[in-house]
Structures are given as structure tokens and as C-alpha cells.
Ligand code: 5GP
Ligand code: ZN
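In the numbering used here, the protein residues as written are 892 to 1003.
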């Protein structure tokens, strides 16, 4: 499958990893939008939020169980934002479910 994030999981494309376990991987975004910009992805290929179901939602739960520690270890000392883009209107560019953690500064109020 021609998925850039599956290739990162497989180690075929390098990434700046900040957390990894058997289910999930977190790494720095290549084009950061804030001082802290980390992507958290499931190690199973789920295309987007639309692909979450009762069979794979444990990956999503596991991601959110780990987000507070990942965010703090990455340098978010005063809060952070978690975003996932789903589909065309949201401008999802990589079709492998991912959650952006943004922080390290006071973020703009406007999200859309
Ligand atoms: P989306 O627009 O799909 O929500 O976000 C995709 C994100 O993946 C973008 O912020 C983009 O900078 C990041 N990205 C795309 N390709 C790579 C890559 O090869 N390595 C890393 N670390 N980030 C990537
Ligand atoms: Zn993938």
C-alpha cells in the first residue's frame, strides 16, 4: 500500500520519533505549525476518522490514553490542542488516521 505513514511505521521513511509502543507511534511533523507539533498514529492503517469502528477503536482509545504524556514530554507545559482532519473539506492530506498535537505557545482561537 502506498501510504507514507505506513512506510514511517515500517521504518522505510525516517521520522523523528517521540513515542512508540506496540499499537501507536508519535513523531514530529515535518512542517511544524507550532513549536510543538507531533503526529500520533495507529500502527494499523485506518484511513481517517470515517474508518473508526468497534474492531479498531481500541487504537484510538490507546492514542488518547497516551496523548497527555506525549504532549508534556514534547514540551507542552501550559496546554495543547489535538486535531484530526477528515476528508476533503478538512484538507486531510495523508490518508492514514493521525492526531496532531499542537502547543508550546499560546494558540490562535480561530480554528476554522
Ligand atoms: P493532514 O493535513 O493530513 O491533517 O496532516 C498531514 C501532516 O503530515 C502534515 O502536517 C504534514 O506536514 C505531515 N507530513 C506529511 N508527510 C510527512 C512525512 O513524511 N514526515 C513527517 N514527519 N510528517 C509528514
Ligand atoms: Zn497507512
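Even for Gly, the Cβ is constructed at its ideal location relative to N, Cα and C.
This one's a predicted model, so the numbers in the text were calculated from it and none came from an experiment.
Anticipated Cβ contact below 8 Å, residue i with residue j, distance rounded
| i | j | result |
| --- | --- | --- |
| residue 931 | residue 965 | Not quite, the Cβ-Cβ distance comes to about 10 Å (not below 8 Å), so this is no contact. |
| residue 899 | residue 953 | With 8 Å as the limit, residue 899 and residue 953 do not qualify as a contact, their Cβ atoms being about 18 Å apart. |
| residue 993 | residue 925 | 4 Å |
| residue 910 | residue 974 | Not a contact, Cβ separation roughly 18 Å. |
Closer than 8 Å: residue i CB and nearest the ligand ZN heavy atom
| i | result |
| --- | --- |
| residue 897 | yes |
| residue 894 | yes |
For residue i, the first and last residue of its enclosing alpha helix (DSSP H)
| i | result |
| --- | --- |
| residue 992 | Careful: residue 992 lies outside any alpha helix (DSSP H), inside the beta strand (DSSP E) at 990-994. |
| residue 981 | Neither: residue 981 is in no alpha helix (DSSP H) and is coded neither H nor E. |
| residue 959 | 948-965 |
Closer than 8 Å: residue i CB and nearest the ligand 5GP heavy atom
| i | result |
| --- | --- |
| residue 924 | yes |
Element boundaries [beta strand (DSSP E), containing residue i]
| i | result |
| --- | --- |
| residue 917 | 915-919 |
### Message
Counting beta carbon pairs with one atom in the segment 938-946 and one in the segment 902-912, are three or more of them shorter than 8 Å?
### Response
no
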